[in-house]
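As structure tokens, then:
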């Protein structure tokens, strides 16, 4: 299943339709991820900036009949960060980094760049996350 990307998605992520057309299937990528992460042989905590990543993984896993009950603990860093700082209007990852005097590196809304930049916030507040 390789869906057609919306203009919004292409603009936001800079992912091109040609990238999606030749992408590996979800089951293949999921299996590779499981092997790479050595789950459940290691202690782990999944973290993301928001809840959408988890919702997408759960949705795709349902379609392909994968059990993702092991996808816990999960930390929604965005929610916890804003809650702990009493910030009512949530900010995006790049703006939050800027407010923390941290530089966003890479391309926004791309997995590797977002994960790297998210790790800066996680490390800064490592003792404050609950899961």
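In my numbering, the protein residues as written are 3 to 133. By construction, the Cβ of each residue, glycine as well, lies at the ideal position given by its N, Cα and C atoms.
Taking C-beta atoms under 8 Å as the contact rule, residue 77 and residue 47 qualify, at a distance of about 6 Å. In the three-state reduction of the DSSP assignment, residue 133 falls in the coil class. Contact between residue 52 and residue 80 is confirmed by a C-beta separation of about 5 Å, below the 8 Å threshold. Setting aside the 5 residues that flank it on each side, residue 62 is surrounded in the same chain by 28, each with a C-beta closer than 7 Å to its C-beta; the list follows chain order. Straight through space, the alpha carbons of residue 67 and residue 125 are spaced by roughly 34 Å. Residue range 48-50 is occupied by the beta strand (DSSP E) that includes residue 48.
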